[in-house]
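Residue numbers (the UniProt record's numbering): 1 to 543.
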Amino acid sequence: MEHADSIRASTKEHNMVPGHVYRYGTAGFRMSADLLDAVTYRVGLLASLRSRKLSGRAIGIMITASHNPAVDNGVKIVDPQGEMLEQDWEKLATQLVNSRSDGELVELYHQLAKDHKIDLKSPAKVIYGRDTRPSGHTLVAALADALVATKTELVDYKILTTPQLHYLVRATNTAGTPLSYGKISEVGYYEKLADAFLRALRGKKINGRLLVDCANGVGGPKLKEFLKYLSSDRVAFDVTVVNDDVLRPEVLNLDCGADFVKTRQKAPPSPKPVPGKRYCSLDGDADRLIYYWTHPETGFFMFDGDRISSLAASFIGDLVNGAGLRDDLRIGVVQTAYANGASTNYITQHLKLPVLCTPTGVKHLHHAAQQFDIGVYFEANGHGTVLFSPYAIKAFKETPPQSPAQKENLDTLVALSDLINQTVGDAISDMLLVEVILAHKNWSLQDWATMTYTDLPNRLVRVEVDDKDEFQTTDAERRLCYPEGAQRDIDDVVAKYKNARAFARASGTENACRVYAEAATRIEAAELAERVSRIIIRYGRNL
Ligand code: G16
């Protein structure tokens, strides 16, 4: 049996920690790094099968736990176009990882090959990267062992942001074709973004210095590297990179970063926020982005994924109108249950665009956004991007302009389709997009805040329970279907508040449930979140 001996020999070095059941969650397998060595080895086996199934096209693996604390890590698989692993294969990954013995693992590996008609002698290729977590070192070694055992060609890109790895997967698989995504290197990624940024800006002036909080993660060194590719004689982009300490692992995501800003609804304490200055935060692997500033009188104001999404949809919609393509291209927005109700109203009623709601996880939003010619998708936590269909890109490039203004709109759309990462949410690319839009509109952050909508007061809470997987949802995670009775109790509490909404769901990246509540006032939103959390704790204990 192909690879049986080599897998049997190398899997001995990567023993599963007993007593755990592993599940491919919102963003792959994510947990305490101590549990992940054998999981990563087995994910390597699965990735080699996936590559062989897809005629040897390169599959990506990213080792990261993104916004989680430094002690955690994670492993997720990227499909050939740079999108998340197909969901049917998530189940296969879960099955393979949970094999109870080395013998069962080898048997299942062959069974999967047989069931999916995979020729184990055919070529396979896997490329991978990791964030700055120290545990990443040993995990990539486990991964490499699996790839060597299965005679899979491998490329280790070492330390990358998650979106860079997605970029490299797509660039690798499209090289030499008319759909080539860019040079197959980290430098190629920087060059593509820098060039597209300048073309999209069209000489417009950026409105003041931007301080970028990098969550003490991989985004810090990578953003600094990117900035070297922006020639100062062509653009004045004054960026100060802060919270970029990647030498002390314990400070990763600690009191900083996009997740901190979004969940705490306040600026990181360090550096001390200065009223009127422009700030944004990336998360630990640089795929989420949140902007914020502090008003001298009214205090902290946040621009989360909902606001970035509506800003992008509005700007791109105007360009499409100006390019004379309004009747040709369908533009839509995709959100999750966490989207602020005011943002959904603004997009449907003011921008007059359709909004779809999917479960949490960019894989769901990405898929839904592909239904449109231009699909704008963002989670409220700042994770998202804008997808352009091949038809839309062709229209931007081939529509004969009838006026200089129309040509300008078409050229800007082409530049945006290069600037915006087409594979996954990318904090660096999204930040450049926001800067382009604000420069075109000549908006300060205060203008952005006042010219759009007012958020409904809301609260997001993390609730610890014994077994979060007992909490099951329906209706794009807006309602619990299990444990029985829990949703009825939530409905009863919500009914006591005006203009209120609340839901609870199990996290796919942490061992906890999340509770979200919206209400007419901040106090009521906090009170409602607290009451729903108590319901979750009560049901969590009864299970
Ligand atoms: C990951 C996913 C996101 C999701 C987030 C939280 O983000 O990629 O789509 O919103 O986890 O998920 P959950 O509420 O299920 O824990 P990241 O940035 O941590 O990779």
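Here a beta-carbon is modelled for each residue, glycine too, at the ideal position from N, C-alpha and C.
Per-residue DSSP class, three states only, for residue i
i, result
"residue 540", "helix"
"residue 388", "strand"
"residue 98", "coil"
"residue 371", "coil"
"residue 406", "helix"
"residue 10", "helix"
"residue 237", "coil"
"residue 340", "coil"
"residue 27", "coil"
"residue 460", "strand"
"residue 274", "coil"
"residue 292", "strand"
"residue 183", "coil"
"residue 366", "helix"
"residue 21", "coil"
"residue 416", "helix"
"residue 67", "coil"
"residue 350", "helix"
"residue 282", "strand"
"residue 376", "strand"
Start and end residues, beta strand (DSSP E) containing residue i
i, result
"residue 431", "Unbroken run through residue 431 is the alpha helix (DSSP H), 427 to 441; no beta strand (DSSP E)."
"residue 604", "This structure gives no information on residue 604, because the portion of the chain shown stretches from 1 to 543."
"residue 545", "One cannot answer for residue 545 here, as it falls past the ends of the chain, which runs 1 to 543."
"residue 62", "58 to 63"
"residue 424", "First-last for residue 424: undefined, no H or E at that position."
"residue 210", "210 to 213"
"residue 73", "72 to 78"
Endpoints, alpha helix (DSSP H) assigned at residue i
i, result
"residue 567", "The requested residue 567 does not occur in the structure, where the chain is confined to residues 1 to 543."
"residue 187", "186 to 201"
"residue 262", "258 to 264"
"residue 317", "305 to 322"
"residue 44", "37 to 53"
"residue 445", "445 to 450"
Beta-carbon spacing of residue i, residue j below 8 Å
i, j, result
"residue 42", "residue 126", "no"
"residue 528", "residue 263", "no"
"residue 84", "residue 350", "no"
"residue 62", "residue 53", "no"
"residue 519", "residue 499", "yes"
"residue 399", "residue 325", "yes"
"residue 82", "residue 166", "yes"
"residue 376", "residue 309", "yes"
"residue 70", "residue 133", "yes"
Query raised in the report: Should the stretch 208 to 228 be called in touch with the stretch 156 to 167, which here means at least 3 C-beta pairs below 8 Å?
Result: Output reads yes: the stretch 156 to 167 touches the stretch 208 to 228.
**Report entry** Neighbouring residues (CB closer than 6 Å to any heavy atom of the ligand FMN)
**Finding:** Among the ligands present in this structure, namely the ligand G16, the ligand FMN is not found.
Report task. Go through the stretch 96 to 179 residue by residue and report every complete run of the beta strand (DSSP E) that reaches 3 residues or more, in order. Result -> The qualifying runs are 125 to 130 and 153 to 159.
Query raised in the report: Taking the runs of the beta strand (DSSP E) that are 3 residues or longer, which of them lie wholly in the stretch 462 to 539?
Result: Along the length of the stretch 462 to 539, whole beta strand (DSSP E) runs at least 3 residues long occupy 472 to 474, 479 to 482, 501 to 506 and 513 to 518, reported in chain order.
Report task. Say whether the stretch 325 to 332 touches the stretch 285 to 302, bearing in mind that this needs 3 or more beta-carbon pairs closer than 8 Å, one atom from each stretch. Result -> Three or more beta-carbon pairs separated by less than 8 Å are not found between the stretch 325 to 332 and the stretch 285 to 302, which leaves the two stretches without contact.
Query raised in the report: Between the stretch 444 to 457 and the stretch 305 to 315, do at least 3 Cβ pairs fall closer than 8 Å?
Result: The stretch 444 to 457 is in contact with the stretch 305 to 315.
Query - Three-pair Cβ contact test at 8 Å for the stretch 503 to 516 versus the stretch 460 to 476 - result: Touching, yes, given that three or more Cβ pairs across the two stretches are closer than 8 Å.
Report task. Check whether the stretch 201 to 213 touches the stretch 166 to 174, taking contact to mean three or more Cβ pairs, one atom from each stretch, closer than 8 Å. Result -> With contact defined as three or more Cβ pairs closer than 8 Å, the stretch 201 to 213 and the stretch 166 to 174 are not in contact.
Query - Any 3 or more C-beta pairs closer than 8 Å across the stretch 495 to 503 and the stretch 435 to 443 - result: With a cut-off of 8 Å, the stretch 435 to 443 and the stretch 495 to 503 do not count as touching, because too few Cβ pairs lie within range.
Query raised in the report: Quick check: the stretch 282 to 294 against the stretch 388 to 396, are there 3 or more CB pairs under 8 Å?
Result: Too few Cβ pairs lie closer than 8 Å, so no.
Query raised in the report: Is the number of C-beta pairs between the stretch 391 to 403 and the stretch 413 to 424 that are closer than 8 Å three or more?
Result: Because the criterion of three Cβ pairs below 8 Å is met, the stretch 391 to 403 and the stretch 413 to 424 touch.
Query raised in the report: So, do the stretch 136 to 147 and the stretch 8 to 18 have three or more beta carbon pairs nearer to each other than 8 Å?
Result: In short, these stretches touch, since the Cβ pair count reaches three.
Query raised in the report: Does the stretch 474 to 493 touch the stretch 518 to 537, meaning 3 or more C-beta pairs lie closer than 8 Å?
Result: As far as the Cβ criterion goes, the stretch 518 to 537 touches the stretch 474 to 493, which means the pair count is three or higher.
Query raised in the report: For the stretch 226 to 240 against the stretch 191 to 204, are there 3 or more C-beta pairs whose distance is under 8 Å?
Result: In short, these stretches touch, since the Cβ pair count reaches three.
Query raised in the report: Would you say the stretch 400 to 407 touches the stretch 352 to 368, given that touching needs at least three Cβ pairs under 8 Å?
Result: With a cut-off of 8 Å on Cβ pairs, the stretch 400 to 407 is not in contact with the stretch 352 to 368, counting fewer than three such pairs.
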